[in-house]
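In what follows, a structure is listed as structure tokens, so that the remarks can point back to it.
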Amino acid sequence: MAETLRVVGRPVPRLDGLEKVTGRARYTVDLVVPGMAHGAILRSPLPRARLRGIDTSRAERLPGVVAVLTAADLGDIDPYYGQVIRDRPVIAIDEVRYAGEPVAAVAALDPATAREALDRIEVDYEALPPVLDLDAALAAGAPRVHTRRPAGAPPEAEGNICFHARVARGDPEAALAGAAHVFEHTFTFPMVYHYAMEPHAVVAAAEGPAVTVWTSAQHPFLVRADLARMFGRALEQVRVVVPYVGGGFGSKSYTKIEPLAVALARKAGRPVRVALSVAEACLTTRRHAARVVLRTGVDRDGRLVARVATIWLDTGAYADNGPRVTTKAARRVLGGYRCPHVRSDAYAVYTNTVPAGSFRAIGAPQTIWACEVQMDLIAQALGLDPVELRARNLGRRGEALFDHERPLDADLEAGLRRVAAAIGWDRPAAPRTGRGLAVGITDAGAEPVASAIVRLHADGSASVHESSTELGQGVRTVLAQIAAEALALPVERVGVVASDTAGTPYDRSTGASRSTTVMGLAVEAACQEVRAQLADAAAAALGTGTGSLVFEAGRIRAPDGREVTYGEAVRAFFAGPGGELVGRGYVRGGGRWTPPPLFWEVGWGAAEVAVDEETGQVRVARYASLADVGLAVNPPLAEGQDEGAAVMGLGHTLFEALRYEAGQLQNGTLVDYRVPLAEDLPALATGLVEDRNGPGAHGAKGMGEGAINPVAPAVTTALARACGVVVTELPLTPERVWRALRRRRAEQAIPAG
Amino acid sequence: MLRPFEMHQPESVEAASALVGRYGDEAAFYAGGTELLLVMKEGLVRYRHLVDLKTIPGLGALDYDAASRVLRIGGTVTHRALERHPAVRERFPIIAEVERQVANVRVRNVGTIGGNLCFAEPHADPGTLFLTFDAEVELAGPRDVRTVPMGAFFTGAYETARQPDEVLTAVRLREGGPHTRWAYMKFGIHERPTLGVAVALTLDADRRGVEDVRIAVGCVGPTPARVPAAEDILRGAPLAEVDGRLERAAAAAAAAADAVDDLHGSAEYKVEMVKVFVRRAFRAAAARFS
Amino acid sequence: MDAAAPAARPVVEISLTVNGRPHTLTVEPRETLLDVLRVRLGLTGAKLSCDVQVCGACTVLVDGLPVSACTYLAYEARGRQVLTIEGLADGDRLHPLQQAFIDHAAFQCGYCTPGMILAAKALLDEIPRPTADEVKHYLRGNICRCTGYKKILEAVAAAAEALAARHG
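Residue numbers (our numbering), protein chains in the order written: chain C, 1 to 753; chain L, 1001 to 1290; chain R, 2001 to 2168.
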């Protein structure tokens, strides 16, 4: 079924290239809305406190202040949001639950005045004892982060447990009891911050019935739904516009500060821009820290017989996407392995810290790290090569690891062997260097609900209207390619309109690697509708039937050789110089999308590291990454996503950890929060497996998240091979590695017996 | 967002000094601003008057005097200018080497040596290096000019011997002799260094022993400091004994380190790293003799 | 800053050249070059990100040298030439770095891109044929969270070639 593709599969230059390299690309914070005032947020200095009172009178009197917002202004709206559990208030009501939580907001004529006004707001806090980590939150008698059950909370959740998810099959305890070997390890993954370089920004206008927000949001329609519900508007009265977004990675998933901006704009009676600093963005969202306890039983040949996983996720003060992260974590810890008896329990736990939400490959980096490092430990204990151990246990293509799941759509073993070869797995390693590898699978996709509209204009050019947000991943270019292919147009004749709920139809979300497949199909379907109308118009214009018309390069040719351009066909149809053909396409759940997931996103990775045993410093010299993409619609863009995800994975592996002390975030700026830099780049090789077997157009799958998962386990096991220590807490900072080496030396010094 | 302030443009050191004297706590000297503006942005300090030292003629001069073999670095000389000056590259290559690694290129283009030394951020490089030179700091006040040996300049974290109304007009460093070599090693994964060790090693003319050694450790404690305990162990050592003594010297340096727990790591780890890097920096300096 | 600034706030008049055009502005000493460029002159290519001089998203060239515009007072640019990303292309003719970034897909979200390109320009102006290590060291001060840097380094190398070919 080798179709010849003209545009899809080509390294088409990005549609947004010119704008981005010339500085003309506009992001939310670059927009100037006439009459716009500037917002600033007062944040709680305490991790947990009762709000006894707020006096804003001095702030309101400051010249230039337009409005001051407190909880008192929220009485006529539904002030809570959260996509599963609606526990997060627009601003703190009666109680603050984390240091950094918004307590009040000011709109002023200029940013300096807004900031100055914050100092004039007096808040009476009654400090309450906070729970600042998992152990404190789970202790008997621990104070409750939420004392009342929020809407959407599971009825059985107790204490500070926010959510629980379980995957279970068979009788794992019995199987463990009978297993030849049982391994138990605990892994600790830190809180990390996305550091999208553009912090969250919103401009909100809420004068009269219409509400308009320009926002750096990944999911405009979910934001629209929240705003409509909270502010009592019909969906059609709420407009969410998303310009270019300076990075998302999940930090801008779902609703974040839009309700606060709308509430402030409503009170101000004029548009208000709320633009967070990076320090404030650090106080808005993060990744779930995790403690993963894995008990695994294997038979004498190293085949998995049972696995019991307990995953504790620190979800912070509010649920945000915690429930979904929890559900994913429970499954993702099990990997692509066959294992008859399983019980995996994942818990999201509230703490009085910054709320945790979506972050690239939700629930996977933490759990796949644990699973893959343990696989290596099992291999080591049994004297097996780690590749062989995995090969013995990985599911095969076409095999469903669980009855309710889509069968695996990738050859996991083949990919593993490929990255092993790429890193030189069988070559002897130089002293104090080592190699490691890992494979992770994630159930990708999120709800497959998307619509697209394609308009063919009177000159034969086309516009694609769709609401996948351009976060940097290149979605507009990919969709333009899919449309150009489907319409038989040069890609230069296809434009993609920016997301705007007033003009681009419904898409559930942008994330979880779903846009190329789900939105791609919607766009393709819309193009098919356009083609059908074009065929009718061309046939009428040419006086032929619609059968046997050939579409090529913007022209339609009849069997007798006569042809019309698309533009001519449109103009003929409308009998005039103007008009357009409009096609609609959509994707909805069920049917071909079941059983879930939409497809499996697979990431394979292999690392070669060197360790300085005196300092504990780890350097990744080489890294090989492989992604299973079905078909790369735009190969350089696919590579770029893979490379970016792999380097981002180096962050939580070697450098990144948010540090708290007494409930205060200590390193919320780039001076003290260390992300990967150009000089950290290893020799990086990326590969793409293209089996054309994805659910998307031309056999495409999604990608962009898978590569982040194998990094930590590949580096951790490579380090173990380099110097004999297995570090089960991330990041692998020099000190942490040094301490592990020191402990091992001390243990070795103790005589046996 | 900075709070409002007035910018003063004095044309002499006396005038600058007088301005700070007049406005007291509300005034600060300002050169590159790469440290000062950050703490002002964070709201940790509030100044209503900044006194721009860059408008004072001559304060940005960078000269080498061949007769005295002294490099005079004016207070407002930038890291970049210092790194690139021909006399520095030729006669003080270690300075060029270290300056090239300070922060990032943008900070180096704007930040000044005087500002760096006076701000006395514990996690910094130049001060540690300068301690291993014959070096002194020139401070000019409203009435007079005085000289403070480099070793007496740093008095605490963010604290120096400079009085509030004194301007650091220059740092003077003497070029090393033909038998002296330097090495500087910095370590850490954060934006600012976790540890810096500078070694100036002087062998005797026959290259048979250590005539003198200067070891300075920076970033782990509140100030960079020389480690006489370590130096004493190595000074006078015949080459054959150096390796043995180096272990003891490194241990002495570690014992003397005034390390604190912070985001860079625990005091315990830093102390151990002092040992590691004193050893390595000494060997690096020794290797430069071939 | 606009209507809210009371007349009592100190101001200073500065003349500077931005992308070849002279400007005379009355600014408060506290205004950063980034504020002036973005708000007064509408040149929004330079971005505010970390605000602590680490990430480089605010990089502009002052007399050819990269500075962190977020922590560089507009006052400091008086009498100087400032180059922002908007001034890099020659009309419709992109600078070889801009073209290389497009050709090598060396950007994704684009937020770091203006600063990255200007930093690379300053690098190539100083070292026309940098080694890979020299590029990595120079650009350690420009963070990218999207690309993983590999394609950026490839683009800079390609641009270096193109510039060398152009200048012979």
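Just so you know, even glycine gets a beta-carbon here, dropped at the ideal spot from N, CA and C.
- Message: Taking 6 Å as the limit between beta carbons, can you name the residues of its chain near L176(C), skipping five residues before and five after?
- Response: Residue numbering aside, residue 176(C) sits at position 176 when the first sequence is read from its first letter. Correct list, in chain order: V182, G297, A306.
- Can you pull the chain R residues whose beta carbon is under 7 Å from the beta carbon of Q473(C), in chain order? The residue you call residue 473(C) lines up with position 473 of the first sequence. Residues of chain R passing the Cβ test: Q2108.
- Which two residues bound the contiguous alpha helix (DSSP H) that contains M230(C)? Looking up residue 230(C) in the first sequence gives position 230. Boundaries of the alpha helix (DSSP H) around M230(C): 220-231.
- Query: Going along the chain, which residues of its own chain have a beta-carbon closer than 7 Å to the beta-carbon of A1284(L), five neighbours each way excluded?
  - Reply: Taking the first residue of the second sequence as 1, we reach residue 1284(L) at position 284. Same-chain partners within the cutoff: A1183, M1185.
- In DSSP terms, what G434(C) is bridged to: Locating residue 434(C) in the first sequence gives position 434, where the first residue counts as 1. Answer is V609(C).
- Starting from L2088(R), follow the beta strand (DSSP E) in both directions and report where the run begins and ends. The sequence position of residue 2088(R) within the third sequence is 88, counting from 1. Secondary structure note for L2088(R): it is in no beta strand (DSSP E), with a DSSP letter that is neither H nor E.
- Locate the alpha helix (DSSP H) running through T504(C), then write down its first and last residues. Walking along the first sequence from the start, residue 504(C) turns up at place 504. Under the DSSP assignment, T504(C) falls outside any alpha helix (DSSP H); it carries neither an H nor an E label.
- Message: Let's test the definition: count the other Cβ atoms within 10 Å of the Cβ of D426(C) and tell me whether it reaches 16, buried, or not, exposed.
- Response: Along the first sequence, read from residue 1 onward, the residue named residue 426(C) stands at position 426. Under this definition D426(C) is an exposed residue.
- Task: Since I believe V12(C) is in contact with N634(C) (beta carbons under 8 Å), could you give me their beta-carbon distance rounded to a whole number of angstroms?
- Result: If you number the first sequence from 1, residue 634(C) lands on position 634. If you number the first sequence from 1, residue 12(C) lands on position 12. V12(C) and N634(C) do touch by the CB rule: their CB atoms are close to 6 Å apart, below 8 Å.
- Where does the unbroken beta strand (DSSP E) through T212(C) begin, and where does it stop? Residue numbering aside, residue 212(C) sits at position 212 when the first sequence is read from its first letter. Annotation for T212(C): the continuous beta strand (DSSP E) segment containing it runs 211-215.
- Measure the beta-carbon distance from Y350(C) to V192(C) and round it to whole angstroms, keeping in mind my assumption that it falls under 8 Å. Locating residue 350(C) in the first sequence gives position 350, counting from the first residue. Locating residue 192(C) in the first sequence gives position 192, counting from the first residue. At roughly 19 Å, the Cβ-Cβ gap does not stay under 8 Å, so Y350(C) and V192(C) are not in contact.
- Nearest CA to the CA of R52(C): which residue from L42(C), P63(C), Y125(C)? For the purposes of this step, residue 52(C) is taken as the residue at position 52 of the first sequence. Comparing Cα-Cα distances from R52(C) to each of L42(C), P63(C), Y125(C), the minimum goes to Y125(C).
- Message: Just to confirm before moving on: does the CB-CB distance between G39(C) and A105(C) stay below 8 Å?
- Response: Numbered from 1 along the first sequence, position 39 holds the residue referred to as residue 39(C). Numbered from 1 along the first sequence, position 105 holds the residue referred to as residue 105(C). A contact, by the Cβ cut-off of 8 Å.
- Message: For chain L, check one thing: does any of its Cβ atoms lie closer than 8 Å to the Cβ of R233(C)?
- Response: Within the first sequence, residue 233(C) is the residue found at index 233, counting from 1. No, no contact with chain L.
- Message: In whole angstroms, give me the CA-to-CA distance for K2150(R) and T56(C).
- Response: Your numbering for residue 2150(R) matches position 150 in the third sequence. Your numbering for residue 56(C) matches position 56 in the first sequence. Straight-line Cα distance between these residues: approximately 50 Å.
- Query: Considering only residues of the stretch 229-277 of chain C, which uninterrupted alpha helix (DSSP H) runs meet the minimum length of 4 residues and lie entirely inside it, listed in chain order?
  - Reply: You should have 258-268.
- Task: Following the continuous beta strand (DSSP E) through K1186(L), name the residue where it begins and the one where it ends.
- Result: Stepping through the second sequence from its first residue, residue 1186(L) is reached at position 186. Unbroken beta strand (DSSP E) run through K1186(L): 1180-1187.
- Message: With a threshold of 8 Å, are at least 3 pairs of Cβ atoms found where one atom belongs to the stretch 392-405 of chain C and the other to the stretch 603-618 of chain C?
- Response: Taking 8 Å as the limit for Cβ pairs, the verdict is that the stretch 603-618 of chain C does not touch the stretch 392-405 of chain C.
- CB contact check: T1034(L) to chain R, cutoff 8 Å: Taking the second sequence and counting its residues from 1, the one referred to as residue 1034(L) is at position 34. Contacts with chain R at 8 Å (Cβ-Cβ) include T1034(L).
- Item | CB contact below 8 Å: G247(C) versus chain R | The residue given as residue 247(C) occupies position 247 in the first sequence. Yes, G247(C) counts as interfacial toward chain R.
- Query: At least one CB of chain C closer than 8 Å to the CB of G1218(L): is that the case?
  - Reply: Taking the first residue of the second sequence as 1, we reach residue 1218(L) at position 218. Output row for G1218(L): interface = no.
- Query: Do G23(C) and P2130(R) have their C-beta atoms within less than 8 Å of each other?
  - Reply: Residue mapping note: residue 23(C) aligns to position 23 of the first sequence, counting from 1. Residue mapping note: residue 2130(R) aligns to position 130 of the third sequence, counting from 1. Not a contact, by the Cβ cut-off of 8 Å.
- Task: Closer than 6 Å by C-beta to S625(C): which residues in its own chain qualify, once you throw out the five before and the five after it? Chain order, please.
- Result: Locating residue 625(C) in the first sequence gives position 625, counting from the first residue. Excluding residues within five positions, the ones whose Cβ falls inside 6 Å are G605, D642, A646, T686, A707.
- Query: Considering only residues of the same chain and omitting the five flanking positions on each side of A1286(L), which have a CB-CB separation below 7 Å?
  - Reply: As a first step, residue 1286(L) is located in the second sequence; it is residue number 286 there, counting from the start. L1201, listed in sequence order.
- Cα-Cα separation between A540(C) and E568(C), rounded to whole angstroms: By one-based count along the first sequence, residue 540(C) stands at place 540. By one-based count along the first sequence, residue 568(C) stands at place 568. A straight-line Cα-Cα distance of about 11 Å links A540(C) and E568(C).
- Query: With a CB to CB cut of under 8 Å and the five nearest residues on each side skipped, what residues in its chain are close to E705(C)?
  - Reply: Looking up residue 705(C) in the first sequence gives position 705. Closer than 8 Å at the Cβ level, and outside the excluded window around E705(C), lie R360, A361, A364, T442, A444, A512, S513, E601, G603, A645.
- Taking only beta-carbon positions, decide if A104(C) is within less than 8 Å of chain L. Counted from its first residue, the first sequence places residue 104(C) at position 104. It does not: the Cβ of A104(C) has no partner Cβ on chain L nearer than 8 Å.
- Could you tell me whether the Cβ of E643(C) comes closer than 8 Å to any Cβ of chain R? As a first step, residue 643(C) is located in the first sequence; it is residue number 643 there, counting from the start. By this cut-off, E643(C) is an interface position.
- Item | A488(C) vs E524(C) beta-carbon contact at 8 Å | Translated into the one-based positions of the first sequence, residue 488(C) becomes position 488. Translated into the one-based positions of the first sequence, residue 524(C) becomes position 524. No; because the gap between Cβ atoms is not below 8 Å, this pair is not in contact.
- If we count Cβ pairs, one from each stretch, closer than 8 Å, do we get three or more for the stretch 258-272 of chain C versus the stretch 155-175 of chain C? Touching, no.
- At what residue ranges does the stretch 671-735 of chain C contain a whole run of the beta strand (DSSP E), taking only runs of 3 or more? Runs of the beta strand (DSSP E) inside the stretch 671-735 of chain C: 683-689.
- Task: Figure out for me which residue from G316(C), R531(C), A410(C), T728(C) has the closest Cα to the Cα of P47(C).
- Result: If you number the first sequence from 1, residue 47(C) lands on position 47. Looking at G316(C), R531(C), A410(C), T728(C), the one whose alpha-carbon comes closest to that of P47(C) is G316(C).
- Item | Within chain A, partners of N667(C) - CB distance below 7 Å | Of the chains in the structure shown, none is chain A; the protein chains are C, L and R.
- Task: For the stretch 2072-2084 of chain R, enumerate the residues whose C-beta is nearer than 9 Å to any C-beta of chain L, in chain order.
- Result: From the stretch 2072-2084 of chain R, only Y2072, L2073, Y2075, E2076 have a Cβ closer than 9 Å to chain L.
- Query: With distances taken from CA atoms, which of A265(C), D171(C), M197(C) is nearest P340(C)?
  - Reply: Within the first sequence, the letter at position 340 stands for residue 340(C). Measuring from the Cα of P340(C), the nearest candidate turns out to be D171(C).
- Item | Residues sharing a beta bridge with Y81(C), DSSP | Taking the first residue of the first sequence as position 1, residue 81(C) is located at position 81. DSSP links Y81(C) through a beta bridge to R88(C).
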